[in-house]
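Step one of this worksheet: look at the structure below.
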Amino acid sequence: ASLHSSRFEGVPQVRTAGQVTKLEEEKICAWYAGGTLYS
Numbered sequence: 061a062s063l064h065s066s067r068f069e070g071v072p073q074v075r076t077a078g079q080v081t082k083l084e085e086e087k088i089c090a091w092y093a094g095g096t097l098y099s
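Following the working numbering, the numbering of the sequence shown begins with 61 at its first residue and continues without gaps.
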């Protein structure tokens, strides 16, 4: 299963383009993992 296109607008964003903090990375990974699990 994959994420539906309507869910992409809710993906957590990074504050600085080209730089991702560990917390931002964790939030983004969790969003995709949870979305894949529940879709």
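All C-beta atoms, glycine included, are put in the ideal place defined by N, C-alpha and C.
Asked                                                                                       : Found
Own chain residues within Cβ distance below 6 Å of Glu84, not counting five before or after : Val74
CB contact flag (Arg67, Gly94, <8 Å)                                                        : no
Test item: CB-CB of Pro72 and Lys82 under 8 Å                                               : no
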